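Position 193, counted from 1, in the sequence shown is what UniProt numbering calls 193; the numbers after and before it change by one each time, with no gaps.
Think of the CB as a built atom: it goes at the ideal place given N, C-alpha and C, for glycine as much as any other residue.
Values in this document were obtained by computation on a predicted structure and should not be read as measured data.
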Amino acid sequence: MGSDKMILVNLEGPAEALDEFTLQCSEYLHSPGEREGKKQDEKNPYSGLLAKIEKVAANSGIALERQNVRALTASEEEIRRFTDEFYDGFCDMQSRLQALEESVARCRDVVTQLRHLQGMGLRFENIFSTRFLKVRFGKLPVDSEEKLCYYQDHVFLFFPFLRGESYIWGAYFTTEEYESETDNIFAALFFERVWVPQDIRGTPREELEGAKARLQHESGEYDKLSESFRRLVEENRAKLIRLYSETKFLARSYDMRGMLAVYSGRFYVTGFVQKDEIKKMEKAAGLIEDVKLQMGKPTGSVKPAGHWPWRREVS
Numbered sequence: 001m002g003s004d005k006m007i008l009v010n011l012e013g014p015a016e017a018l019d020e021f022t023l024q025c026s027e028y029l030h031s032p033g034e035r036e037g038k039k040q041d042e043k044n045p046y047s048g049l050l051a052k053i054e055k056v057a058a059n060s061g062i063a064l065e066r067q068n069v070r071a072l073t074a075s076e077e078e079i080r081r082f083t084d085e086f087y088d089g090f091c092d093m094q095s096r097l098q099a100l101e102e103s104v105a106r107c108r109d110v111v112t113q114l115r116h117l118q119g120m121g122l123r124f125e126n127i128f129s130t131r132f133l134k135v136r137f138g139k140l141p142v143d144s145e146e147k148l149c150y151y152q153d154h155v156f157l158f159f160p161f162l163r164g165e166s167y168i169w170g171a172y173f174t175t176e177e178y179e180s181e182t183d184n185i186f187a188a189l190f191f192e193r194v195w196v197p198q199d200i201r202g203t204p205r206e207e208l209e210g211a212k213a214r215l216q217h218e219s220g221e222y223d224k225l226s227e228s229f230r231r232l233v234e235e236n237r238a239k240l241i242r243l244y245s246e247t248k249f250l251a252r253s254y255d256m257r258g259m260l261a262v263y264s265g266r267f268y269v270t271g272f273v274q275k276d277e278i279k280k281m282e283k284a285a286g287l288i289e290d291v292k293l294q295m296g297k298p299t300g301s302v303k304p305a306g307h308w309p310w311r312r313e314v315s
């Protein structure tokens, strides 16, 4: 950022308001090095932790909000441990939810397919065990049925099981030798294939009740895990937001080291603010009692930082 876009500011306030000042105003402040476009020699040690908390919050649907920090309730190590444990638990539960969701979808598809194939009296195990026959289950558009007569000389048989308004559900049988040719014919007739699980053994009517029971069981497991997932997020929402605020506070405090001094119960800050953010800075500082702000070189009671060693304590 160019120096022509930055304004020098000096601020003074009561030391007891430093926490609030850090939260409200530090995001607008830049050091002289930043003003000249120089990279910081040290990386903020809290930036990685902040990024992880933000990732966890985004993935779990938690809206982070800034809270005033009056005292730190956890050490950096405790914050990292909580974030890691919450993230690991969240990811594990999310993975299990996804697997159950896919299982429910498969069960629902099987139930739908079996309902449409109930007209077939053959057992699936007898069909799947044939060595030379190839079978395709699916639906054929009603308009394509009359075109089957054009292929009377081809080696396949089509068996309709259920006739609907737009589609005929059924299956076609052919030999291994004519498999590719028959597939091409039915593709031209807009036959839509459905996949029947190979572990189904009985007739469609026999298997339907079992498929319904599996769907009910998997749906119930999904609902229970969804509720556990919701509770996990809700039980940790407030703590994650609080620890985010504390980590944000620590990160901003670290960034302000070179701009801040505390002396005789007062804090003094000298830094640079972008011109397009100076109004925001003035508004934020104005919300804190007894904080004075001057732009340009300091005059009066506002003293530049750097005259006293930086000292930061949170009690």
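Shorter than 8 Å from the beta carbon of residue i to some beta carbon of chain D?
{"i": "K43", "result": "Here there is only one protein chain, and chain D is not present."}
Between residue i and residue j, what straight-line distance do the alpha-carbon atoms span, to the nearest angstrom?
{"i": "L8", "j": "G258", "result": "14 Å"}
{"i": "E246", "j": "A99", "result": "36 Å"}
{"i": "Q67", "j": "G220", "result": "39 Å"}
{"i": "I278", "j": "Q24", "result": "13 Å"}
{"i": "E209", "j": "L215", "result": "10 Å"}
{"i": "E282", "j": "L293", "result": "8 Å"}
{"i": "L114", "j": "L225", "result": "28 Å"}
{"i": "K212", "j": "C107", "result": "8 Å"}
{"i": "L148", "j": "F124", "result": "25 Å"}
{"i": "A238", "j": "P197", "result": "45 Å"}
{"i": "N44", "j": "M256", "result": "11 Å"}
{"i": "V110", "j": "I200", "result": "10 Å"}
{"i": "A51", "j": "S103", "result": "33 Å"}
{"i": "A74", "j": "K248", "result": "13 Å"}
{"i": "residue 331", "j": "Y222", "result": "In this structure the chain extends from 1 to 315, so residue 331 is not present and cannot be described."}
{"i": "E76", "j": "F229", "result": "26 Å"}
For a test of the three-state rule: what should DSSP assign to residue i, helix, strand or coil?
{"i": "P197", "result": "coil"}
{"i": "F191", "result": "coil"}
{"i": "E227", "result": "helix"}
{"i": "K279", "result": "helix"}
{"i": "L293", "result": "strand"}
{"i": "Y46", "result": "coil"}
{"i": "A251", "result": "helix"}
{"i": "T270", "result": "strand"}
{"i": "L260", "result": "strand"}
{"i": "M93", "result": "helix"}
{"i": "I241", "result": "helix"}
{"i": "L208", "result": "helix"}
{"i": "E12", "result": "strand"}
{"i": "I79", "result": "helix"}
Who are the Cβ neighbours of residue i in its own chain at under 8 Å, not counting the five residues just before and after it?
{"i": "F132", "result": "T175, E176"}
Under 8 Å by Cβ, that's how I've got residue i and residue j pegged, so tell me the actual separation to the nearest angstrom.
{"i": "F137", "j": "F156", "result": "Rounded, the Cβ-Cβ distance is 14 Å, inconsistent with contact."}
{"i": "E12", "j": "R266", "result": "6 Å"}
{"i": "Y254", "j": "Y46", "result": "6 Å"}
{"i": "Y263", "j": "I53", "result": "No, Y263 and I53 are not in contact; Cβ-Cβ is about 34 Å, not under 8 Å."}
{"i": "A171", "j": "F186", "result": "Between F186 and A171 the Cβ distance is about 11 Å, and since that is not below 8 Å, they are no contact."}
{"i": "K134", "j": "E179", "result": "5 Å"}
{"i": "K275", "j": "K5", "result": "6 Å"}
Using a Cβ-Cβ cutoff of less than 6 Å, which residues in the same chain neighbour residue i once the five nearest sequence positions on both sides are dropped?
{"i": "A285", "result": "C25, V291, L293"}
{"i": "A17", "result": "I288"}
By Cβ distance below 7 Å, which residues in the same chain neighbour residue i in space, the five residues on each side in sequence not counted?
{"i": "P204", "result": "L114, L117, Q118, M120"}
{"i": "N236", "result": "F86"}
| beta strand (DSSP E) runs contained entirely in the region 126-187, provided each spans 3 or more residues | 133-141, 156-163, 167-175
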